[in-house]
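Enquirer:
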Amino acid sequence: MKWLMLAITVVVGFWVWGELRGDASAAPTPAVPQPTQATATPLAGVSPAQVVCHTTKGPLQIVVRPDWSPQGAARFLQLVDDGFFRDIPLFRCVAGFVCQFGATPPRAGAKAYPAIADDPVLPELRQFKAGYLSFAGAGANTRATQMFVTLGDKVDSLGTQPWESPFGYVTPDAMRATVAQFNTRYGDIPPWGAGPDPQRIQSEGGAAYLKHDFPELDYITDCARQ
Numbered sequence: 010m011k012w013l014m015l016a017i018t019v020v021v022g023f024w025v026w027g028e029l030r031g032d033a034s035a036a037p038t039p040a041v042p043q044p045t046q047a048t049a050t051p052l053a054g055v056s057p058a059q060v061v062c063h064t065t066k067g068p069l070q071i072v073v074r075p076d077w078s079p080q081g082a083a084r085f086l087q088l089v090d091d092g093f094f095r096d097i098p099l100f101r102c103v104a105g106f107v108c109q110f111g112a113t114p115p116r117a118g119a120k121a122y123p124a125i126a127d128d129p130v131l132p133e134l135r136q137f138k139a140g141y142l143s144f145a146g147a148g149a150n151t152r153a154t155q156m157f158v159t160l161g162d163k164v165d166s167l168g169t170q171p172w173e174s175p176f177g178y179v180t181p182d183a184m185r186a187t188v189a190q191f192n193t194r195y196g197d198i199p200p201w202g203a204g205p206d207p208q209r210i211q212s213e214g215g216a217a218y219l220k221h222d223f224p225e226l227d228y229i230t231d232c233a234r235q
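Here our numbering is used: the first residue of the sequence shown is 10, the next is one more, and so on.
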């Protein structure tokens with residue numbers, strides 16, 4: 010699949026969302042992702058963390074690897090511990106590419122999460138595999154709450170940007186049983202697709218907008234450490 014641009018992006022302006030846009034009309038119909046057990050050189054004394062997220066399609070078993078992306082892993086676990094992952098829309102699921110989440114409708118008393126610095130990307134992790142989890146970004150040092158799970162192996166545009174540092178992965182069993190069931194029919198975001206508009210999601214009435222216009226959208230309902 011040939012992708013025209015080079016970066017998964019978060020909502021900082023309408024133009025930003027064009028940085029990672031594939032030519033969907035020319036792309037072949039992708040197969041169900043075939044997850045691979047992720048491997049990389051571990052750092053001594055750093056243990057993986059286990060997280061389970063429940064979704065509208067079933068549980069996600071996630072292995073968090075602080076040795077891959079220390080600050081990225083710490084931010085993800087902070088979001089888990091803070092209860093951030095409550096009714097989080099999987100708003101940008103593009104078959105064979107990524108499923109992005111972390112843009113949320115306004116919440117009363119919501120905690121602000123400032124952007125974190127980028128982690129160096131390990132050379133052996135630059136080639137993304139199905140199941141990898143990484144933060145989205147809009148430039149250097151912009152990782153905050155938006156992230157994605159990779160839905161295909163060897164997606165050319167992934168792993169080329171400084172913020173694309175995998176911090177963990179969804180287990181192969183969960184990729185087959187749960188992620189493969191996520192609704193990808195809504196496709197990409199406007200103007201390149203008919204999917205949810207991330208700016209409207211984060212505006213007043215965003216939750217009602219999703220329920221009305223995208224009633225079959227999938228959600229993460231909660232996450233917790235094991």
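Built from N, CA and C at the ideal position, the CB exists for glycine as well.
Nothing here was measured: the structure is a model prediction, and the numbers come from that model.
If you draw a straight line from the alpha carbon of D96 to that of V61, how long is it in whole angstroms?
Expert: When rounded, the distance between both Cα atoms is 15 Å.
Enquirer: Tell me the DSSP secondary structure of Q87 in three-state form.
Expert: The answer is helix: DSSP assigns Q87 an H, G or I state.
Enquirer: If you scan the region 122-160 from start to end, which runs of the beta strand (DSSP E) of 3 or more residues do you find wholly inside it?
Expert: Runs of the beta strand (DSSP E) inside the region 122-160: 141-144 and 156-159.
Enquirer: Between which residues of its own chain and N150 is the CB-CB distance below 7 Å, once the five residues before and five after are set aside?
Expert: Excluding sequence neighbours, N150 sits near A124, A126 and D127.
Enquirer: Using the C-alpha atoms, what's the distance from P132 back to G92?
Expert: Using only the alpha carbons, I get a separation of about 32 Å.
Enquirer: With C-beta atoms as the reference, is S174 less than 7 Å away from G81?
Expert: Cβ atoms of S174 and G81: closer than 7 Å.
Enquirer: Going by beta-carbon coordinates alone, are P205 and F191 separated by less than 7 Å?
Expert: The answer is no: Cβ separation not under 7 Å.
Enquirer: Alpha carbon to alpha carbon, how far is G146 from Q109? Give it in angstroms, no decimals.
Expert: Q109 and G146: Cα-Cα distance of roughly 11 Å.
Enquirer: Given a cut-off of 7 Å on the beta-carbon distance, is the pair F94 and L160 in contact?
Expert: No, these two residues do not count as a Cβ contact at 7 Å.
Enquirer: What does the Cβ neighbour count give for R194, buried or exposed, with the cut at 16 atoms within 10 Å?
Expert: Under this definition R194 is an exposed residue.
Enquirer: Bridge partners for R101 per DSSP, in chain order?
Expert: Partner(s): Q109.
Enquirer: Any idea which residues DSSP pairs L69 with across the strands?
Expert: Bridge partners of L69: C62.
Enquirer: Report yes if the CB atom of T230 is closer than 7 Å to the CB atom of H63, and no otherwise.
Expert: Against a cut-off of 7 Å, the Cβ pair of H63 and T230 comes out as a contact.
Enquirer: Using DSSP with H/G/I as helix, E/B as strand and the rest coil, what is A119?
Expert: Three-state DSSP puts A119 in coil, outside helix and strand.
Enquirer: Can you tell me the Cα-Cα spacing of R74 and P57, whole angstroms?
Expert: Their Cα atoms are separated by approximately 5 Å.
Enquirer: Taking its Cβ as the centre, do 16 or more other Cβ atoms sit within 10 Å of S143, making it buried, or is it exposed?
Expert: When all chains shown are included, S143 counts as buried.
Enquirer: Report the option in D90, R116, Q59 and R84 whose CA atom is closest to the CA atom of G3.
Expert: Because the chain here runs from 10 to 235, residue 3 falls outside it and cannot be looked at.
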